[in-house]
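**Student:** Protein chains in written order, with our numbering: chain A, 1 to 161; chain B, 162 to 398. Positions of the beta carbon are idealized from the N, C-alpha and C atoms, including for glycine. Below: one structure in structure tokens.
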Amino acid sequence: MNAKKLLIYLDQLEREPNLKVNGNTYTLEQVKLAKKITTDIEIELGVKPSKPKLSRRRAFIVILEELYYDVPEYPEELSLDVINRRAVQRFEFAQRTLNGLATPLEIHPKDACWFFEDNGSKKMNYRRALSYLVNFRSLFFQIAPAAESLKEKYQEVLLCS
Amino acid sequence: MTNQNTIKIINFSLSETSNSSTAIIDDIGNLFVYLIHQNNLEQAQKKTFLKVIEEKTLPMVDMAKQFAFHLINNFSDEVVQELSAIQTKEKGFEIMFDNDKLVDFVEMEMVDPTTTYRKWEFGKFAIEHFLNNINSTELEKIKGDNDIATKEFVELFASNLDTQAAKLDDHEKLFLIVAIRHKLSENKLNIATYDLMGSSVQRNLLGMSLRMDILKKSFRESFSLTIKKQNRKGPKR
Numbered sequence: 001m002n003a004k005k006l007l008i009y010l011d012q013l014e015r016e017p018n019l020k021v022n023g024n025t026y027t028l029e030q031v032k033l034a035k036k037i038t039t040d041i042e043i044e045l046g047v048k049p050s051k052p053k054l055s056r057r058r059a060f061i062v063i064l065e066e067l068y069y070d071v072p073e074y075p076e077e078l079s080l081d082v083i084n085r086r087a088v089q090r091f092e093f094a095q096r097t098l099n100g101l102a103t104p105l106e107i108h109p110k111d112a113c114w115f116f117e118d119n120g121s122k123k124m125n126y127r128r129a130l131s132y133l134v135n136f137r138s139l140f141f142q143i144a145p146a147a148e149s150l151k152e153k154y155q156e157v158l159l160c161s
Numbered sequence: 162m163t164n165q166n167t168i169k170i171i172n173f174s175l176s177e178t179s180n181s182s183t184a185i186i187d188d189i190g191n192l193f194v195y196l197i198h199q200n201n202l203e204q205a206q207k208k209t210f211l212k213v214i215e216e217k218t219l220p221m222v223d224m225a226k227q228f229a230f231h232l233i234n235n236f237s238d239e240v241v242q243e244l245s246a247i248q249t250k251e252k253g254f255e256i257m258f259d260n261d262k263l264v265d266f267v268e269m270e271m272v273d274p275t276t277t278y279r280k281w282e283f284g285k286f287a288i289e290h291f292l293n294n295i296n297s298t299e300l301e302k303i304k305g306d307n308d309i310a311t312k313e314f315v316e317l318f319a320s321n322l323d324t325q326a327a328k329l330d331d332h333e334k335l336f337l338i339v340a341i342r343h344k345l346s347e348n349k350l351n352i353a354t355y356d357l358m359g360s361s362v363q364r365n366l367l368g369m370s371l372r373m374d375i376l377k378k379s380f381r382e383s384f385s386l387t388i389k390k391q392n393r394k395g396p397k398r
């Protein structure tokens, strides 16, 4: 593509006045709006669409929530292998062994307040994991009710932290 | 990030380098760089990339490491606490990769933000890092006087890129054009532009590193050619 043509795309990026940053803060809304604009332009620039990047632990939470948001317990025989396979199809993260990880319940408990009752630091870690997913649920979830149910779970964890 | 929707900008001052970096922080930086780019590489390239990160100083890799140090310096107390609780007795990068808790931590606290809400900051940092290494007094002096003059200057600069001896990819041209725009706008382009740069640099980290000399040369030559052509037109009215 000649540079003149590229300039047209760059002009499109600069067209939205709400995306200027003044001062030392910006907002999630600005980030999301920018993402919308750049995604369209990347397609026009011929960038191949790719799976969203997401840390493995968060990817597992998304998959677990999407599969089981509407049942009270995980199936007993559920293994992380299954979750891993699905997560790999959906998200981009570095492949590695599952040795260090525990069970689905430890990654994404059904009742987090109870599960992490005696482990403050794990609860905080979990809360941060959810916070990010809730903020960017439109990027990572394909099943809307699962995204909503995760949001509710996040609010519960906030109340008990 | 708090649960509020406002995010504080990180102060990425370029002069503040990693004097205080310890071996472990250095390893975390390496891990960050690997994780941010690895999915763009073939399986066989990944091993090479690991070695390159650890053993060589490559411009974009170095830039991304500096970015990682800034992230670490701006961790919230809660995150600092968590990092200090992770056992990192083993030294060495390859061994660290087996430390699942640490990989998890770097993915969640550093890579995730850099692929979403701090991606534009990553892009902006990459541009500033690049400009900082151009070392040109002419570049330092230049200012975007007004919109029309700036627009003309950028258009000239862009078309000069097309006539460079070295063929540049689209993403490379975009990077160089954004760099000159960034300079002329006094570092005030919008989030979308920097975000696009962030994606592009993450995708092309190794390639841009290896072609850095070409990129710098193309930038310098297009820039001085633009200045020359403008001077030929006579003084601005």
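#1: Mind pulling the chain A residues with CB within less than 7 Å of L350(B)?
#2: Using a beta-carbon distance cut-off of less than 8 Å, what residues from the region 187-211 of chain B approach chain A?
#3: Between F193(B) and F230(B), what straight-line distance do the alpha-carbon atoms span, to the nearest angstrom?
#4: I need the straight-line Cα distance from D265(B) to V157(A), nearest angstrom please.
#5: Does K169(B) get closer than 8 Å to chain A when you measure Cβ to Cβ?
#6: Is there contact between the region 382-390 of chain B and the region 63-71 of chain A, where contact requires at least three CB pairs shorter than 8 Å?
#7: Work out the CA separation of L367(B) and F286(B) for me, nearest whole Å.
#8: Compare the C-beta of I338(B) with all C-beta atoms of chain A and state if any pair is closer than 8 Å.
#9: Chain B partners of F60(A), CB-CB under 7 Å?
#10: Would R137(A) pass as an interface residue toward chain B - the criterion being a Cβ-Cβ separation below 8 Å?
#11: Counting only beta-carbon separations shorter than 8 Å, does E44(A) have a partner in chain B?
#12: Just how far apart, CA to CA, sit L335(B) and Q227(B)?
#13: Give the residues of chain A in contact with M221(B), contact being defined as C-beta atoms less than 8 Å apart.
#14: Can you find the residues in the same chain that come closer than 6 Å, C-beta to C-beta, to S361(B), ignoring five residues on each side of it along the sequence?
#15: Under 8 Å between beta-carbons, which chain B residues line up against A87(A)? List them in chain order, please.
#16: Flag this pair as touching only if the region 266-285 of chain B and the region 351-360 of chain B have three or more C-beta atom pairs under 8 Å; answer yes or no.
#17: S55(A) touches chain B at which residues, Cβ-Cβ below 8 Å?
#18: At 4 residues or longer, and completely inside the region 326-360 of chain B: list those alpha helix (DSSP H) runs for me, N to C.
#19: Considering only the beta carbon of each residue, do M409(B) and S55(A) sit closer than 8 Å?
#20: Using C-beta distances below 7 Å, list every residue in its chain close to L329(B), excluding the 5 sequence neighbours before and after it, in chain order.
#21: Taking the Cβ atom as the reference point for each residue, do T167(B) and T39(A) lie within a distance shorter than 8 Å?
#22: Would you tell me roughly how many angstroms separate the C-alpha atoms of T298(B) and L292(B), rounded to the nearest one?
#23: For the candidate residues A353(B), N234(B) and V240(B), whose alpha-carbon lies nearest to that of D152(B)?
#24: Does T277(B) come within less than 8 Å of chain A when only Cβ atoms are used?
**Tutor:** On the basis of the data shown:
#1: E14
#2: Y195, L196, Q199 and N200
#3: 10 Å
#4: 21 Å
#5: yes
#6: no
#7: If I take the Cα positions, the gap works out to 17 Å.
#8: yes
#9: Under the 7 Å cutoff, chain B gives no residues; its nearest Cβ is about 11 Å from F60(A).
#10: no
#11: no
#12: 23 Å
#13: Residues of chain A passing the Cβ test: none, with the nearest at roughly 18 Å.
#14: H332
#15: The premise fails here: A87(A) is roughly 13 Å from chain B at the closest Cβ pair, so nothing lies under 8 Å.
#16: Output reads yes: the region 351-360 of chain B touches the region 266-285 of chain B.
#17: D265, E268, M269, V272 and D273
#18: 331-345
#19: Any property of residue 409(B) remains undetermined from this structure, which presents chain B solely from 162 to 398.
#20: For L329(B), where only same-chain residues beyond five positions count, the Cβ hits under 7 Å are L322 and S379.
#21: It is not a contact, given that the beta carbons lie outside the stated cut-off.
#22: 12 Å
#23: A question about residue 152(B) goes unanswered here, because the residues of chain B that appear run from 162 up to 398.
#24: yes
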